[in-house]
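Q: Questions regarding the structure given below will be posed in turn.
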Amino acid sequence: MKRLSFLILLISLSNQLSAQEFNYKNNVQLELGGHGLAYSLNYERIIFDQSKWKTTAQVGMAYYPPFVGFIDLWLPMSINQIYKIGLSHHIEGGLGIIKVYSSTRDADNQAVDWSWDTFFSARLGYRYQKPDSRFLWRIGITPIMETDYLKSEYYIPKSYRKIISDFHFMAAATVGYSF
């Protein structure tokens, strides 16, 4: 009987430990690489926090001065699913869009025209975050797909549109602080 009681207690405690949810629902992150091309600053909010599955919404920003030669402003937005594979270990995947604001410049590097474009994005990676810790880190594959499909100046019939115009295989490393 003592063994049975001990076994029930052990199973009960292990279920409670594995069913922990994150104590902090918000975090800010610095991502190197990824959806901001070279870097991005992101805010993430846990929308659904279950024992094994978590759903997050994330928005971010990356700005590059004109002399860098990149698209000026990147605004990544995504929905991510996080699956718990251990107390602090998670696999995450997500889909999103990146709004980019770019300029055309003249010989003196002055902006002469501005335009908004939309890229599609995805994420598949590993996340380390303890349920009661304020710090997290993650690494992953973050492809970006440029598209002509959402540009307003394209009035060609849908069957003739080139949907994906370019695919960029990216990777990212992220550190974050939860609050």
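Counting with mature numbering (1 follows the signal peptide of the UniProt record, and there is no 0), you get residues -19 to -1, 1 to 160 for the letters of the sequence shown.
Virtual Cβ for every residue (Gly too), placed ideally from N, Cα, C.
(1) Apart from the five residues just before and just after SER114, which ones in its own chain have a Cβ nearer than 6 Å to its Cβ?
(2) In the DSSP assignment, find the unbroken beta strand (DSSP E) run with GLN62 in it and report its ends.
(3) If you compare alpha carbons, which of LYS6, ILE125, LEU22 and TYR5 is closest to LEU13?
(4) How many Å lie between ALA92 and LEU18 at the Cα?
(5) For the stretch 41 to 49 and the stretch 150 to 160, state whether three or more C-beta atom pairs, one from each stretch, are separated by less than 8 Å.
(6) Quick one: is GLU25 buried, meaning 16 or more other Cβ sit within 10 Å of its Cβ, or exposed?
(7) Compare the beta carbon distance of PHE100 and ILE122 with 7 Å and say whether it is the shorter of the two.
(8) What residue range does the beta strand (DSSP E) around LYS80 cover?
(9) Look up PHE51 in the DSSP assignment and say whether it is helix, strand or coil.
(10) Go through its chain and collect everything with a Cβ distance to PRO47's Cβ below 6 Å, but skip five positions before and after it.
(11) Give a yes or no on contact between the stretch 62 to 75 and the stretch 102 to 116, applying the rule of three or more CB pairs nearer than 8 Å.
(12) Between TYR158 and ASN7, what straight-line distance do the alpha-carbon atoms span, to the nearest angstrom?
(13) Only counting the same chain, and skipping five residues up and downstream in sequence, which positions put a Cβ closer than 8 Å to that of PRO112?
(14) Under the rule that 16 or more other beta-carbon atoms within 10 Å means buried, what is ILE137, buried or exposed?
(15) Within 10 Å of its beta-carbon, does LEU76 have 16 or more other beta-carbons around it, so buried, or fewer, so exposed?
(16) From ILE66 to LYS33, what does the alpha carbon distance come to, in whole angstroms?
(17) Let me know if THR37 comes out buried or exposed under the rule of 16 or more other beta-carbons within 10 Å of its beta-carbon.
(18) Tell me whether VAL81 is buried or exposed, calling it buried when 16 or more other Cβ atoms sit within 10 Å of its Cβ.
(19) So, THR85 versus ARG119, is the Cβ gap smaller than 7 Å?
A: Quick answer:
(1) Once the five neighbours on either side are set aside, SER114 has no close Cβ partner at all.
(2) That run of the beta strand (DSSP E) goes 54 to 65.
(3) Per the C-alpha coordinates, the member of LYS6, ILE125, LEU22 and TYR5 positioned closest to LEU13 is LEU22.
(4) Their backbone Cα atoms lie some 21 Å apart in a straight line.
(5) The stretch 41 to 49 vs the stretch 150 to 160: no contact.
(6) Counting of Cβ neighbours within 10 angstroms places GLU25 among the buried residues, the total reaching 16 or more.
(7) No, the pair does not count as a contact, with Cβ atoms beyond the cut-off.
(8) Counting along the chain, the beta strand (DSSP E) containing LYS80 begins and ends at 70 to 86.
(9) In the three-state reduction of the DSSP assignment, PHE51 falls in the coil class, being assigned neither a helical nor a strand state.
(10) So the list reads ASN90, once near-sequence residues are dropped.
(11) Yes, the stretch 62 to 75 is in contact with the stretch 102 to 116.
(12) Straight-line Cα distance between these residues: approximately 8 Å.
(13) Answer for PRO112: GLN1, GLU2, PHE3, ASN4, LEU68 and SER69, listed in chain order.
(14) Any answer about ILE137 is weak, because its pLDDT of 49 lies below 50 and its placement is not dependable; what the coordinates show is given next. Result: exposed.
(15) Answer is exposed; the Cβ neighbour count stays below 16.
(16) Roughly 8 Å between the two C-alpha positions.
(17) Its Cβ being crowded by 16 or more others within 10 Å, THR37 is buried.
(18) Classification for VAL81: buried.
(19) Going by C-beta atoms, THR85 is not nearer than 7 Å to ARG119.
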